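Visitor: For reference, the structure I am asking about is given below.
In structure tokens form, the structure reads like this:
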């Protein structure tokens, strides 16, 4: 594959930014490809995990933040565990995902809707409530009947209940609000630094 | 040994049999383990991509709950285990992350407690010899593929569980009960539960490979410890059979259910009827029930 590196690319800046976000130095990677070989999701990806790391080394931020790959990593951590150079590839994927969300780049998978639904459910109940979470996910993704077929079966086996549990909801909500404040504060600090 | 049990959300909803059999084993083996009074959700596999500080802060609340009960923590769900261990690590040294997390939690929290998975407690602290003594109803000649999934072994520096490529904890526990553990290569291959809702077909592909590999290596059933793996392998097995036109019929049991069977506990208490792939014909044909 021929890759063109534009003149605007700053090789070091992106690696450093990533290191700050994820605590891992992508420049240590020597492209052995072990992460890609063991990745259970590589058949769903547009660029392989080792290519993501290579593009990061080359400072090609746009390429990786728009990649399908970062949305199809399932964080199984096989890559980071096997990496001979100690690069936390999973951590990089997670960090790239957060960076792409922060820039409002459209996610390449519905998993983002699930993350949102999950967050709302924790805010409301303090614990996971599956029927609510799937319902909320279906509303967001527009696929209203998704997985609904399992409901009667799971109800019969009493594997889900219609009644949610509430637990320490007040404290959980306070924590979520404070975490949100911290996130906003950091974003403005970053803006000012620029 | 004095632990507070952190069941996690799944054990209280989609995995009630894991919760029930854990409590049954605690009772049967007379372990000093009690459920933590004030545990909360760990943020699961979703929140860390949304907000890392929030994700850690939630687990810190559970650490705080263990401090309040003056107990170490025993965890059953691998995701919860990973997240409380991560939170403990964040609190262990001063960093910007630590101060952000404590600011979100709104109070100072110490993290000096030990944190272990229930299977490690049985394997290392209670001991295989004592387990062997308790077996009344050996799982003779039952060929079991132990499936660990990804979260319990990885990252190994954090989890400190067992060999990340070939863990043996569950295999040893089950062979102490007389079963025949199957050696197979997919013990820690990811089942894709994280995509089961948002990209169902992807997770069906991954799960099919695992089930087929277990069967091809001679397994008659699968032992699991993760509630998400269990759901993915068991609930969706019928759909997998339809999709690939292949009969698999592999019951997927929690290791706690299998230990309970070997200890001669009541099958009703072990809630075998809650599994989607019926384990009764297999267990009856082996003379275990």
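Chains as they are written, first to last, in the working numbering: chain A, 21 to 214; chain B, 13 to 301.
All residues carry an ideal CB built from backbone N, CA and C; glycine is no exception.
Source: prediction; values computed, not measured.
(1) Going residue by residue through the region 262-293 of chain B, where are the continuous alpha helix (DSSP H) segments of at least 4 residues, counting only ones entirely within it?
(2) In the region 31-54 of chain B, which residues sit with their C-beta less than 7 Å from some C-beta in chain C, listed in chain order?
(3) I'd like to check one pair, residue 116/B with residue 156/B: are the Cβ atoms closer than 8 Å?
(4) When the Cβ atoms of the region 193-205 of chain B are set against those of the region 94-102 of chain B, are three or more pairs found closer than 8 Å?
(5) Where does the unbroken beta strand (DSSP E) through residue 158/B begin, and where does it stop?
(6) Let me know the secondary structure DSSP gives residue 16/B once reduced to three states.
(7) If we define contact as Cβ-Cβ less than 8 Å, is residue 16/B a contact residue for chain A?
(8) Which parts of the region 106-138 of chain A are runs of the alpha helix (DSSP H), unbroken and 4 residues or longer, counting only runs that do not cross its ends?
(9) Do residue 240/B and residue 188/B count as a contact pair if the criterion is CB distance below 8 Å?
(10) What residues from chain B crowd round residue 39/A, counting only those whose CB sits closer than 9 Å?
(11) Put residue 136/B into one of helix, strand or coil per three-state DSSP.
(12) What three-state label does DSSP hand residue 73/B in the structure shown?
(13) Less than 7 Å separating the Cβ of residue 30/B from some heavy atom of the ligand HEM?
(14) Using a Cβ-Cβ distance under 8 Å, would residue 118/B count as near chain A?
(15) Per DSSP, residue 129/B forms a beta bridge with which residues?
(16) State the beta-bridge partners of residue 235/B as determined by DSSP.
(17) Could you give the C-beta distance for residue 78/B and residue 16/B, rounded to a whole number, given that I count them as a contact under 8 Å?
(18) Counting Cβ pairs, one atom from each stretch, are 3 or more of them under 8 Å apart for the region 59-79 of chain B and the region 115-129 of chain B?
(19) According to DSSP, is residue 47/B part of a helix, a strand, or is it coil?
(20) Taking the alpha carbon of residue 46/B as the point to measure from, which residue in 58/B, 13/B, 223/B, 29/B has its own alpha carbon closest?
(21) Does any C-beta atom of chain B lie closer than 8 Å to the C-beta of residue 114/A?
(22) Applying a beta-carbon distance threshold of less than 7 Å, which residues of chain A neighbour residue 102/B?
(23) Count Cβ pairs between the region 55-65 of chain B and the region 195-203 of chain A that sit closer than 8 Å; are there 3 or more?
(24) Is the distance from the Cβ of residue 144/A to the Cβ of residue 113/A below 8 Å?
(25) Taking one C-beta from the region 148-155 of chain B and one from the region 218-234 of chain B each time, how about it: are there three or more such pairs within less than 8 Å?
(26) Can you tell which of 74/A, 41/A, 117/A, 100/A has its C-alpha closest to the C-alpha of residue 51/A?
(27) Leaving out the 5 sequence neighbours to the left and right, which residues in its chain are closer than 7 Å to residue 271/B when beta-carbon positions are compared?
(28) Is there contact between the region 260-271 of chain B and the region 151-160 of chain A, where contact requires at least three CB pairs shorter than 8 Å?
(29) I'd like the list of long-range same chain contacts for residue 44/B, defined as Cβ closer than 8 Å, with 5 residues on each side in sequence excluded.
(30) Provide the residue span of the alpha helix (DSSP H) that contains residue 222/B, from first to last.
(31) If you measure from the beta carbon of residue 24/B to each beta carbon in chain A, is any gap under 8 Å?
(32) Short of 8 Å Cβ to Cβ, which residues in the region 71-105 of chain B face chain A?
(33) State yes or no: is the C-beta of residue 283/B within less than 8 Å of the C-beta of residue 33/B?
(34) Roughly how far, in whole angstroms, is the beta-carbon of residue 18/B from the beta-carbon of residue 86/B, given that I think they are within contact range, below 8 Å?
(35) Any idea which residues DSSP pairs residue 60/A with across the strands?
Guide: Concretely, from the data shown:
(1) With a minimum length of 4 residues, the continuous alpha helix (DSSP H) runs that stay inside the region 262-293 of chain B are 267-274.
(2) In the displayed structure, chain C is absent; the protein chains listed are A and B.
(3) The answer is no: Cβ separation not under 8 Å.
(4) Contact check between the region 193-205 of chain B and the region 94-102 of chain B: fewer than three CB pairs, one atom from each, fall below 8 Å, which does not count as touching.
(5) 155-159
(6) The answer is strand: DSSP assigns residue 16/B an E or B state.
(7) Residue 16/B does not count as touching chain A.
(8) 109-122
(9) no
(10) The contacting residues do not exist; residue 39/A stays about 14 Å from chain B at best.
(11) helix
(12) helix
(13) Although the ligand HEM was asked about, the structure shown includes no ligands whatsoever.
(14) Among the CB atoms of chain A, one or more fall inside 8 Å of the CB of residue 118/B.
(15) In the DSSP output, where bridge partners are listed per residue, residue 129/B has 87/B.
(16) Paired residues: 158/B, 265/B.
(17) 5 Å
(18) yes
(19) strand
(20) 13/B
(21) Proximity of residue 114/A to chain B, defined by a Cβ-Cβ separation below 8 Å, is satisfied.
(22) Within chain A, no residue has its beta carbon less than 7 Å from that of residue 102/B; the closest one is some 11 Å off.
(23) yes
(24) no
(25) yes
(26) 74/A
(27) Within its own chain, the residues whose Cβ lies closer than 7 Å to the Cβ of residue 271/B, once the five positions on either side in sequence are excluded, are 37, 185, 189, listed in chain order.
(28) no
(29) Excluding sequence positions up to five before and after residue 44/B, its CB lies within less than 8 Å of the CB of 13, 14, 15, all in the same chain and listed in chain order.
(30) 212-228
(31) At least one chain A Cβ lies under 8 Å of residue 24/B.
(32) 73
(33) yes
(34) Contact between residue 18/B and residue 86/B holds, since their C-beta atoms are separated by about 7 Å, short of 8 Å.
(35) Answer is none; residue 60/A lacks a bridge partner.
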